[in-house]
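Numbering (full-length UniProt numbering), first residue to last: 1 to 454.
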């Protein structure tokens, strides 16, 4: 049946491409009310050619964006919403994932190397060996980052050393390098990035907001390519946002966790103890305790605050009584404990104790996890009614850049859309013992000193 010819008048719309590690989404919002009008999501396949390697197909990533945009626009048309009212599109993406392509043909020269890939461990070791005192934080005063497999520069070095097509393209000046945002935007005709993505490459000076020839380039490439609070407790200093060419940059302390929501996929795909992510909450709630079982999901090493790429995961405290429900509960606790370690570091760095935690993303639908997080942090956890705040922020920022009158760019306005607050229900002393046991589990994590992931 044909759609009605009368169109719904909503005023200007803003949209966001949300290209994540496991899926791509396109979301369209009412610019003035922040109402989510339509969206579409497509899963992204990952490949694991060797242990520790994680790759994605750049063409599949790009095609997923096209599909999401097309399907979302079809849904809007069915709702009689004029898609010509979309005035701006923002991009939010997996930041450190690295791509190289040929600027003449537009063809990718290798798969995208995903941010949690570990193949660059030996590259990182060589780089650290070149620094005075083998100091992994030697460049942190400029980049805000420790030398780690996490960031783009070492992935680019690996591509130049191990992929003939990349090496040849570099020599003939045909190589284009970028993170996922650059790949998507270049497909629209422009090779660029923004300061937030650039600050995750380990090639960017977060003070001058420009590529820094004296940063990792001096140690890693021997050539030239492309008011922060510095952390003393293992966090990253990164560019939070810069809303306009002549506007000042705002900085953030960030704690990165390699495996959080991905632990759900691991329990489903690798162990087969659940069929869907919603089953995890039911399974864990059926016992309400890990029964002394602790799970450290260091599948890709440990990120903040340890920065130990050689670490491997561990499940400990098993007894004959332990079953899959206890393991499910321990997996949720692991997410919460990782968050607790990061917030403890932030409180120490800033000197301003956090009074509540605002959350977003897919895992916020797990009510048990939200309550556990509040209990383990001993502060309220605030969940907004619309969990897609990452995409909302990108869309609103894009709209503001194009002169669209948008709902808000102020973080405090998120309090207006709060749907639920999870208050701590367990006293701090009780959780202190559990946290102590988890930290002991961290100390038991095996370090693979001789593993060569190349």
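Note that beta-carbon positions come from the ideal geometry of N, C-alpha and C, so glycine has one too.
DSSP state of residue 202 mapped onto helix, strand, coil: As a working mapping, residue 202 is identified with position 202 in the chain shown. It is coil, neither helix nor strand.
According to DSSP, residues forming a beta bridge with residue 38: Along the chain shown, one-based indexing puts residue 38 at 38. Residue 38 pairs with 28.
Alpha-carbon spacing of residue 85 relative to residue 29, whole angstroms: Numbered from 1 along the chain shown, position 85 holds the residue referred to as residue 85. Numbered from 1 along the chain shown, position 29 holds the residue referred to as residue 29. For the pair residue 85 and residue 29, the Cα-to-Cα distance works out to about 11 Å.
Cβ-Cβ separation, residue 368 to residue 285 (assumed contact under 8 Å), whole Å: Mapped onto the chain shown, residue 285 falls at position 285. Mapped onto the chain shown, residue 368 falls at position 368. Yes, residue 285 and residue 368 are in contact; Cβ-Cβ is about 5 Å, under 8 Å.
Residue burial classification, residue 63 (beta-carbon count within 10 angstroms, cutoff 16): Start at 1 with the first residue of the chain shown, and residue 63 comes out as number 63. In summary, residue 63 is exposed, with fewer than 16 beta-carbon neighbours lying within 10 Å of its beta-carbon over all protein chains present.
C-alpha distance - residue 333 paired with residue 373, whole-angstrom precision: By 1-based counting over the chain shown, the position of residue 333 is 333. By 1-based counting over the chain shown, the position of residue 373 is 373. Approximately 8 Å between the Cα atoms of the pair.
CB of residue 53 within 8 Å of CB of residue 117, strictly: Counting from 1 along the chain shown, the entry for residue 53 is found at position 53. Counting from 1 along the chain shown, the entry for residue 117 is found at position 117. Taking 8 Å as the Cβ cut-off, residue 53 and residue 117 qualify as a contacting pair.
Extent of the continuous beta strand (DSSP E) to which residue 93 belongs: For the purposes of this step, residue 93 is taken as the residue at position 93 of the chain shown. First-last of the beta strand (DSSP E) with residue 93: 86-93.
Euclidean distance between Cα positions of residue 318 and residue 293: In the chain shown, counting from the first residue as 1, residue 318 sits at position 318. In the chain shown, counting from the first residue as 1, residue 293 sits at position 293. Approximately 6 Å between the Cα atoms of the pair.
Residue environment, residue 269, which counts as buried when at least 16 other CB atoms sit within 10 Å: Along the chain shown, read from residue 1 onward, the residue named residue 269 stands at position 269. With fewer than 16 other Cβ atoms within 10 Å, it is exposed.
Simplified DSSP state of residue 239, which is helix, strand or coil: Residue 239 sits at position 239 when you count from the first residue of the chain shown. Here residue 239 carries a strand assignment [DSSP, helix/strand/coil].
Delimiting residues of the beta strand (DSSP E) encompassing residue 19: Locating residue 19 in the chain shown gives position 19, counting from the first residue. For residue 19, the uninterrupted beta strand (DSSP E) segment begins and ends at 13-19.
Coil, strand or helix - residue 359 by DSSP: The count along the chain shown starts at 1 and reaches residue 359 at position 359. In this structure, residue 359 counts as coil in the three-state DSSP scheme.
Candidates 299, 37, 74, of which the one nearest residue 48 by Cα: Counted from its first residue, the chain shown places residue 48 at position 48. Closest by alpha carbon: 299.
Local Cβ density within 10 Å of residue 35, reported as buried at 16 or more and exposed below that: Taking the first residue of the chain shown as position 1, residue 35 is located at position 35. Residue 35 is classed as exposed because its beta carbon has fewer than 16 other beta carbons within 10 Å across all chains shown.
Residue 210 (DSSP reduced to helix, strand or coil): Your numbering for residue 210 matches position 210 in the chain shown. DSSP places residue 210 in strand when its eight states are reduced to three.
Validate contact between the segment 65-84 and the segment 322-333 using beta carbons, cut 8 Å, 3 pairs: Judged by pairs of C-beta atoms under 8 Å, the segment 65-84 does not touch the segment 322-333, as fewer than three such pairs exist.
Residue-chain proximity (residue 107, chain B), Cβ-Cβ < 8 Å: Although the question refers to chain B, the structure presented lacks it and comprises just one protein chain.
Status (buried if at least 16 other CB within 10 Å, exposed otherwise) for residue 243: Start at 1 with the first residue of the chain shown, and residue 243 comes out as number 243. Label assigned to residue 243: exposed.
Through-space distance from residue 295 to residue 246, alpha-carbon basis: Along the chain shown, one-based indexing puts residue 246 at 246. Along the chain shown, one-based indexing puts residue 295 at 295. Distance from the CA of residue 246 to the CA of residue 295, rounded to the nearest whole angstrom, comes to 47 Å.
Residue 141 versus residue 422 - alpha carbon distance: Here residue 141 refers to the residue found at position 141 of the chain shown. Here residue 422 refers to the residue found at position 422 of the chain shown. Rounded to the nearest angstrom, the two C-alpha atoms are 37 Å apart.
As assigned by DSSP and simplified to three states, the class of residue 298: Your numbering for residue 298 matches position 298 in the chain shown. Of the three classes helix, strand and coil, the one that applies to residue 298 here is coil, per DSSP.
Among 20, 277, 234, nearest to residue 363 - alpha-carbon criterion: Within the chain shown, the letter at position 363 stands for residue 363. The shortest Cα separation from residue 363 among 20, 277, 234 belongs to 277.
Residue from 304, 303, 331 whose Cα sits closest to the Cα of residue 314: The residue given as residue 314 occupies position 314 in the chain shown. Checking every option, the nearest Cα to that of residue 314 belongs to 331.
According to DSSP, residues forming a beta bridge with residue 47: Indexing the chain shown from 1 puts residue 47 at position 47. Here residue 47 is bridged, per DSSP, to 55.
Where residue 399 sits in the DSSP three-state scheme: Here residue 399 corresponds to residue number 399 of the chain shown, with the count starting at 1. In the structure shown, residue 399 sits in a helix (DSSP, three-state: H, G or I).
Distance CB(residue 196)-CB(residue 152) smaller than 8 Å: Within the chain shown, numbered from 1, the residue matching residue 196 stands at position 196. Within the chain shown, numbered from 1, the residue matching residue 152 stands at position 152. Not in contact: residue 196 and residue 152 (Cβ atoms no closer than 8 Å).
Nearest residue (CA-CA) to residue 267, options 66, 329, 320: Looking up residue 267 in the chain shown gives position 267. Cα-wise, what sits closest to residue 267 is 329.
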